[in-house]
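Peer 1: Numbering (this note's numbering), first residue to last: 106 to 389. Even glycine gets a Cβ: it sits at the ideal position worked out from N, Cα and C.
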Amino acid sequence: MPENTPEYPQAHLPDVPHRRLLEGQVAIVTGANSGIGKAVAISLGGAGANVCVNFVGNPDAAAEVVAEIESHGSKAMVHQADVSKEDQVISMFDDVRAAFGTVDILVNNAGLQQDSKFEDMTLAQWQKVIDVNLTGQFLCAREAVREFKRRGVKPEVSCAAGKIICMSSVHEVIPWGGHVNYAASKGGVMLMMKSIAQEVAPWRIRVNSICPGAIRTPINTGAWDTPEHYAALLKLIPYKRIGEAPEIGRAAVWLASDDSDYIHGISLFVDGGMTLYPGFEAGG
Ligand code: NAD
Numbered sequence: 106m107p108e109n110t111p112e113y114p115q116a117h118l119p120d121v122p123h124r125r126l127l128e129g130q131v132a133i134v135t136g137a138n139s140g141i142g143k144a145v146a147i148s149l150g151g152a153g154a155n156v157c158v159n160f161v162g163n164p165d166a167a168a169e170v171v172a173e174i175e176s177h178g179s180k181a182m183v184h185q186a187d188v189s190k191e192d193q194v195i196s197m198f199d200d201v202r203a204a205f206g207t208v209d210i211l212v213n214n215a216g217l218q219q220d221s222k223f224e225d226m227t228l229a230q231w232q233k234v235i236d237v238n239l240t241g242q243f244l245c246a247r248e249a250v251r252e253f254k255r256r257g258v259k260p261e262v263s264c265a266a267g268k269i270i271c272m273s274s275v276h277e278v279i280p281w282g283g284h285v286n287y288a289a290s291k292g293g294v295m296l297m298m299k300s301i302a303q304e305v306a307p308w309r310i311r312v313n314s315i316c317p318g319a320i321r322t323p324i325n326t327g328a329w330d331t332p333e334h335y336a337a338l339l340k341l342i343p344y345k346r347i348g349e350a351p352e353i354g355r356a357a358v359w360l361a362s363d364d365s366d367y368i369h370g371i372s373l374f375v376d377g378g379m380t381l382y383p384g385f386e387a388g389g
């Protein structure tokens with residue numbers, strides 16, 4: 106993709122957050138060795154949090170994320186776990202508690218796509234996407250809520266007992282033919298997130314989602330890898346550029362910090378206006 110021309114404007118990306126908004130807090134980021142999860146883990150570390158970099162494959166990439174977080178003066182650890190497996194999720198929380206004492210922030214980021222024309226979609230494709238994208242978020246959020254309730258609020262750390270950020274998608278509201286399993290999983294994340302938020306708010310546990318639009322990561326290479334694909338993508342984005350993973354990292358730092366303490370149960374769209382019905386931009 107051409108870089109920084111009027112047709113292909115670049116995102117404004119400062120290296121790391123300037124303020125250590127999350128000093129003394131502990132975060133788990135799932136699927137943190139690639140794409141958005143990697144950027145979120147590095148941003149949280151840059152903001153002062155100690156971070157567990159969860160991964161399911163490619164340990165070398167996870168180790169690189171740990172090294173980068175440590176270069177910003179925070180602690181980091183890796184933990185291999187498949188988020189769709191209950192025993193592995195419980196062990197991950199146990200290990201993080203053993204290493205860092207508690208968990209203050211969960212970023213439920215791990216996700217995947219298994220695309221298919223609807224009538225050809227296998228039960229295995231449907232189930233895999235629901236297992237990772239929806240059940241995986243349930244299992245991690247449940248362990249996080251248990252830990253947040255056990256510990257309660259520590260005012261010197263944060264005014265909330267804990268924060269959960271679900272990585273949803275614009276496809277929690279935009280239907281997506283050819284990706285029915287993925288859209289169903291993200292629609293499920295939306296009402297799971299809001300229902301958990303409603304239930305746990307009295308314990309000062311904040312639960313929100315980030316809904317990325319098109320962010321340049323390995324999950325969607327086919328949408329931006331050639332000028333033709335990129336031009337087609339821009340028709341869906343009023344702001345006329347693709348998003349970069351660190352932009353999701355910045356949103357996650359803010360949503361995890363006390364700066365957003367009264368933000369609860371929302372879907373924060375970070376999408377360059379993709380949800381603004383761009384087909385109507387010239388009057389329909
Ligand atoms: P990615 O493929 O780069 O990263 C996904 C990560 O999830 C990888 O680290 C992968 O190993 C991990 N993962 C997959 N299955 C797992 C499992 N069972 N257990 C633990 N980890 C597992 O893609 P990405 O674009 O960075 O996606 C991250 C999240 O953002 C996903 O939830 C995705 O749906 C969401 N999202 C991405 C975009 C985008 O444009 N890139 C847009 C909207 C939403």
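So, is residue 317 buried or exposed, given that buried needs 16 or more other C-beta atoms within 10 angstroms?
Peer 2: By the 10 Å Cβ count, residue 317 comes out buried.
Peer 1: Run the CB neighbour count on residue 311, radius 10 Å, all protein chains shown included, and call it buried at 16 or more, exposed below.
Peer 2: When all chains shown are included, residue 311 counts as buried.
Peer 1: Which two residues bound the contiguous alpha helix (DSSP H) that contains residue 264?
Peer 2: Where residue 264 is concerned, there is no enclosing alpha helix (DSSP H), given that its DSSP letter is neither H nor E.
Peer 1: Decide if residue 248 is buried, meaning its Cβ has at least 16 other Cβ atoms within 10 Å, or exposed.
Peer 2: Looking at its Cβ environment, which holds 16 or more other Cβ atoms inside 10 Å, residue 248 is buried.
Peer 1: If you compare alpha carbons, which of 367, 319, 293, 349 is closest to residue 117?
Peer 2: It is 349 whose Cα lies nearest to the Cα of residue 117.
Peer 1: State the CB to CB distance for the pair residue 194 and residue 244, rounded to an integer number of angstroms; the pair is presumed to be in contact (CB under 8 Å).
Peer 2: Right, the Cβ-Cβ distance comes to about 4 Å (below 8 Å), so this counts as a contact.
Peer 1: Rounding to the nearest angstrom, what Cα-Cα distance links residue 220 and residue 230 in this structure?
Peer 2: Approximately 8 Å between the Cα atoms of the pair.
Peer 1: When DSSP labels each residue in this structure, what does residue 311 get in the three-state scheme?
Peer 2: Looking at residue 311 - three-state DSSP - the assignment turns out to be strand.
Peer 1: Per DSSP, residue 211 forms a beta bridge with which residues?
Peer 2: Bridge partners of residue 211: 133, 269.
Peer 1: Put residue 292 into one of helix, strand or coil per three-state DSSP.
Peer 2: Of the three classes helix, strand and coil, the one that applies to residue 292 here is helix, per DSSP.
Peer 1: Apart from the five residues just before and just after residue 363, which ones in its own chain have a Cβ nearer than 8 Å to its Cβ?
Peer 2: Cβ within range, chain order: 126, 263, 264, 265.
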